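For reference, the structure discussed in these notes is given below.
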Amino acid sequence: MGAQNGKDLLIKLDMTGAGLFETIAGLRASRISFNAESVDVTSLESQGGWRELLGGAGVKSASISGSGIFRDATTDERARQIFFDAEVPTFQVIIPDFGTVQGPFQITSIEYAGTHNGEATFEMSLASAGVLTFTAL
Numbered sequence: 001m002g003a004q005n006g007k008d009l010l011i012k013l014d015m016t017g018a019g020l021f022e023t024i025a026g027l028r029a030s031r032i033s034f035n036a037e038s039v040d041v042t043s044l045e046s047q048g049g050w051r052e053l054l055g056g057a058g059v060k061s062a063s064i065s066g067s068g069i070f071r072d073a074t075t076d077e078r079a080r081q082i083f084f085d086a087e088v089p090t091f092q093v094i095i096p097d098f099g100t101v102q103g104p105f106q107i108t109s110i111e112y113a114g115t116h117n118g119e120a121t122f123e124m125s126l127a128s129a130g131v132l133t134f135t136a137l
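Each residue of the sequence shown is one higher than the one before, starting from 1 at the first, in the UniProt record's numbering.
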C-alpha cells in the first residue's frame, strides 16, 4: 500500500436513519483508533512467570475525532442535534485502501472556536456505542 491522501479518510453520518450517509463537511483532520482491553489470567502456574492473556476476552472500542471549519449547515446542524439529544446514530469511516468501518457512535464532545480575524472552527470526538462492522476493500 502506497502513500494515501489524508483528505480521503472520510467520516460519514447517516443523516436520516435510512442508510443515507453524507460526509461531515469541513473536516480538515480526522482520526480513528481501535482498542481492545486485555484480560490478564496470569497465575502462579504461568510458565516461566510470563504474563498470560485470555484471547477473545475484554472490551473492544473505537474512537473517532475530527476538526475543521463550518461549511455545510445541514451536517453541522445534524451533528449538534445528535449531541444535544444524546442520539447514537450510525457513522461510516472510509479508510483509503483499507476498508470501511460502520456502526453506532455517540458524539462525546463538540468544541467550537474562532478568532477575530479567522474562520470559526470545531472539534468533535465520538465513541463507539455498539457492534462495528468492517468491510475490506
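Even for Gly, the Cβ is constructed at its ideal location relative to N, Cα and C.
Note that the coordinates shown come from a computational prediction; the quantities given were computed from them, not determined experimentally.
Residue environment: A36 is assigned as exposed (fewer than 16 neighbouring CB atoms within 10 Å of its CB, all protein chains considered). If you ignore the 5 residues before and after G58, its C-beta comes within less than 8 Å of the C-beta of A36, E37, S38, V39, all in its own chain and listed in chain order. Shortest Cα-Cα distance from A120 to any of I69, L126, G48, D8 involves I69.
The C-alpha of A136 lies about 19 Å from the C-alpha of K60. T90 is bridged by DSSP to P104. Looking only at G19, T42, T23, S63, the smallest Cα-Cα distance to L54 is reached by T42. The three-state secondary structure of A79, taken from DSSP, is helix. Here R78 is buried. Its C-beta has 16 or more other C-beta atoms within 10 Å.
Take I110, set aside five residues on each side of it, and the residues of its chain with a beta-carbon closer than 6 Å to its own are F83, M124, in chain order.
Taken through DSSP and simplified to helix, strand or coil, G99 comes out as strand.
F21 is classed as buried because its beta carbon has at least 16 other beta carbons within 10 Å across all chains shown.
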